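As structure tokens, the structure follows; a few thoughts come after it.
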Amino acid sequence: MNNYTQDTYQSDIEQLNTFEGSIWWRTRNLKTKHSEILQMKNRLNNFPAHTEKEKAEIIANHFETQFKLNNFGTARTENTVSKSIEKLFTRSPTPTYEKVKASEIADYLKKIKIKKAPGIGNITNKMLKTFHSKSFSNLPNSTTTCLN
């Protein structure tokens, strides 16, 4: 096993190249300090877990303590919590919005700043500003549909 590991490491070193930057990448990885993973210990007696069964038991105890039911103490507090949860899950009717106009979108795009971070789809504000005016023909309909 040691010979195989040594041979693999040797072939990796031989393939490093200064021009493509792989040697510097490898050097940076060797220089960074890696955090040590601590041994799993039982919270009751502070003994380390060696077998898979002991480790599973420690993880199970952890989840039992993390996910037990809340004890609010009084019926009044229980009632308040249940009412707030009911309010959260009852849906109010969604308001209807007026149809968005292409001129409103164009006015908004004139005001946005170019040097902002891109959104979820990696679309930058600069891309939006350089949209062709014909691209806005379907945009108001889709915006109104999303709002309603």
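Remember, the numbering used here sits 350 above the position in the sequence shown when you count from 1.
Positions of the beta carbon are idealized from the N, C-alpha and C atoms, including for glycine.
Only a predicted model underlies this, so the values are computations on that prediction, with no experimental measurement involved.
Under 9 Å between C-beta atoms of I462 and N475: With contacts defined by Cβ atoms closer than 9 Å, I462 and N475 form a contacting pair.
Endpoints, alpha helix (DSSP H) assigned at S453: 452-461 is the extent of the alpha helix (DSSP H) around S453.
Simplified DSSP state of P349, which is helix, strand or coil: For residue 349 there is no data in the structure shown, the boundaries of the chain being 351 and 498.
Distance between beta carbons of A452 and L419, contact taken as under 8 Å: Not a contact, Cβ separation roughly 53 Å.
CA-to-CA distance, P398 to I387, given in whole angstroms: In a straight line, the C-alpha of I387 is about 13 Å away from that of P398.
Identity of the residues DSSP links to K391 by a beta bridge: Bridge partners of K391: P398.
Delimiting residues of the alpha helix (DSSP H) encompassing N475: For N475, the enclosing alpha helix (DSSP H) begins and ends at 475-479.
Extent of the continuous alpha helix (DSSP H) to which E436 belongs: Run containing E436: 425-439, per the alpha helix (DSSP H) assignment.
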